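Note sheet for the following structure.
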Amino acid sequence: MGRFGNQMEHFLGMLAFAKALNRTLVLPPFVEYYHERKQAIMADFDKYFLVKPLRNFHKMIVMREFIKKIAPDVWPLSERKAFCWQPRQSIYDRKKPSGCHAKEGNPFGPFWDYSNISFVDDVYYASDFSEAHFIDSVSVRKKWEERFPVDRYPVLSFISAPVAFPARTDHHHLQRYLRWSEPIVTEANKFIAESLEKPFIGIHLRNDIDWKNLCHMVHENETEKLFGSAICTGRNGKLTAEMCLPSLETIIKDVTKEVLKLKVRSIFVSSDRNHYIDELKQGLAPLRITIQRRYPENLHVNLAILSMADHFIGNCVSTLSAFIYRQRKYASSIPRPSSFFAQNYFIKNKDEL
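Numbering-wise, full-length UniProt numbering puts 72 at position 72 of the sequence shown, and it's gapless, one number per residue.
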């Protein structure tokens, strides 16, 4: 249960999984992390997204409604089993027998407690079923149905998504069914109307300490895939450190290119740490454009604004940038253009090869 971007990668896979098995998908709350809180907190799915468009694809119900209206009849307390890949040791008590330990640790305990769910037993669904997540295979679907028939297992309650990470390319189009909730759209439109001149560019920066440490793992011409990078490197391209953590010079160069091309009037910046507002104002001063961030920060409103921009420049590795890219490509009335910082490095390397 990573942060929002990672959760959405799993979500696309779960849409395909539920559809393939013809089971209603229970939409879980989102797991959110805040520096000032020791434990993760939960936010209901429909706080951020509309459920009705998703039902055009398959059967859906939000978790709180499932627990209140359906679970008492089909999922009694005495039959609630946690599904996990295979048994593991307890992180708190090594003397305990191996199991799913579904509620151990953060965010797992808070996640299940939020919906008042406890388990009486475990199911290890992949102990001898290593291909379990290849749900598009007819033989795999058949095995799921034979092993876990609906009459014996009316609810499959996974402690982690039984799908590939990051989302498979052939599942990306499912993001067309994701629509922001009305409060998110209202806030995004309000900010755009009051603070940005159109046309505007949206940029997404990742540069906090954890991200910098991650990017140090990228080795030139060796690292092929990392998190959401396949979207900008292609199937066989190599990832570079500059694509993972673009320098200020690269950021200014790539933004300038798009500003001149689109005759942009303003730029919206979203970042996990340093927005480089002053540096961007100085570097882009000759272009005489407005550069804005949002106060106070709100991740989902920021993402909605980035989704509405006339052009978007994202971080090649970030699953948040990948989410925005897909939202612009599949969920907009018309596909909106996107690019990624230092993407030209990939093109240059490809040409040299």
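Beta carbons are placed, not taken as given, at the ideal position from N, Cα and C, and that holds for glycine.
Bear in mind that the values here come from a model prediction, so they are computed numbers and not experimental data.
Element boundaries [beta strand (DSSP E), containing residue i]
i, result
"V31", "F30 to E32"
"residue 363", "Outside the displayed range of the chain (1 to 353) lies residue 363, so it cannot be described from this structure."
"F83", "K81 to C84"
Buried or exposed by the 16-neighbour rule on C-beta atoms within 10 Å, applied to residue i
i, result
"T186", "exposed"
"E182", "exposed"
"H216", "exposed"
"G234", "exposed"
"N274", "exposed"
"Q343", "buried"
"L27", "buried"
"I251", "buried"
"F346", "Any reading at F346 must be qualified, since the residue scores a pLDDT of 44, below 50, and its modelled position is unreliable; no value is offered."
Residue i, enclosing alpha helix (DSSP H) - first and last residue
i, result
"Q7", "F4 to L21"
"C316", "Run containing C316: none; DSSP gives neither H nor E here."
"C244", "A241 to C244"
"V301", "L299 to M308"
"G109", "F108 to Y114"
"S139", "V138 to R147"
Inter-residue spacing [alpha-carbon to alpha-carbon] between residue i and residue j
i, j, result
"F129", "R147", "10 angstroms"
"R288", "W144", "59 angstroms"
"E40", "G105", "The amino acid at residue 40 is misidentified as Glu; the sequence shows Ala. One C-alpha to the other measures close to 10 angstroms."
"F312", "H300", "16 angstroms"
"G13", "R23", "14 angstroms"
"S78", "S160", "22 angstroms"
"R294", "S271", "10 angstroms"
"F119", "F191", "44 angstroms"
"D351", "L239", "Confidence at D351 is low in this model, with a pLDDT of 33, below 50, so the placement of that residue should be treated as unreliable; the coordinate-derived value is given next. Taking the straight line from one Cα to the other gives about 14 angstroms."
"V264", "L15", "37 angstroms"
Beta-carbon proximity check, residue i vs residue j, cutoff 8 angstroms
i, j, result
"I201", "V123", "no"
"F83", "F158", "yes"
"F341", "I305", "no"
"P53", "Y153", "no"
"L248", "W211", "no"
"Q175", "Y330", "yes"
"L284", "I291", "yes"
"F45", "L320", "no"
"S266", "E194", "no"
"P29", "Y114", "yes"
"M42", "P110", "yes"
"I135", "F17", "yes"
"W75", "V155", "yes"
Nearest neighbour of residue i, chosen from the options [CA to CA]
i, options, result
"L21", "R80, K69 and P162", "P162"
"Q327", "S139, E197 and I231", "I231"
"M243", "T169, V264 and L205", "L205"
"R168", "K142, G228, R141 and I184", "G228"
"N213", "A241, N189 and D121", "A241"
"G99", "P107, K81 and W112", "K81"
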